[in-house]
Amino acid sequence: TDIRTIRKCFEIEGRGNRISLTPERLKECARSSIGISSSAEVIQIKHLTAQIEPIEEQLTEIDKKIEEFSIQNNSPIL
Numbered sequence: 349t350d351i352r353t354i355r356k357c358f359e360i361e362g363r364g365n366r367i368s369l370t371p372e373r374l375k376e377c378a379r380s381s382i383g384i385s386s387s388a389e390v391i392q393i394k395h396l397t398a399q400i401e402p403i404e405e406q407l408t409e410i411d412k413k414i415e416e417f418s419i420q421n422n423s424p425i426l
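Residue numbers for the sequence shown follow my numbering, beginning at 349 and rising by one.
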């Protein structure tokens with residue numbers, strides 16, 4: 349992000365407490381704390397999310413079936 353864009357976020361109208369963090373310092377901290385430097389880690393995360401998504405869909409389907417069965421059987425589960 350351009351430093352001018354960050355500076356606009358730091359502009360405060362009126363009276364009020366100013367923060368001691370500068371836009372430059374924020375950008376510097378973000379470089380070292382945000383993001384993944386390794387392309388192998390990026391690939392690994394993509395594969396993990398690809399594995400998680402179908403499992404979430406299966407869980408949603410199972411939850412629906414449980415709800416259907418409990419309604420049919422007047423079960424107190426719900």
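Using N, Cα and C, we set each Cβ at its ideal position, and we do this for glycine too. As the structure is a computational prediction, the values presented were derived from the model and not from experiment.
Secondary structure at D350, three-state DSSP: helix, strand or coil?
Correct three-state label for D350: coil.
What is the residue span of the alpha helix (DSSP H) that P402 lies within?
Element bounds for P402: 387 to 420.
How big is the Cα-Cα spacing for E409 and F417?
In a straight line, the C-alpha of E409 is about 12 Å away from that of F417.
For L369, which three-state DSSP category applies?
It is coil, neither helix nor strand.
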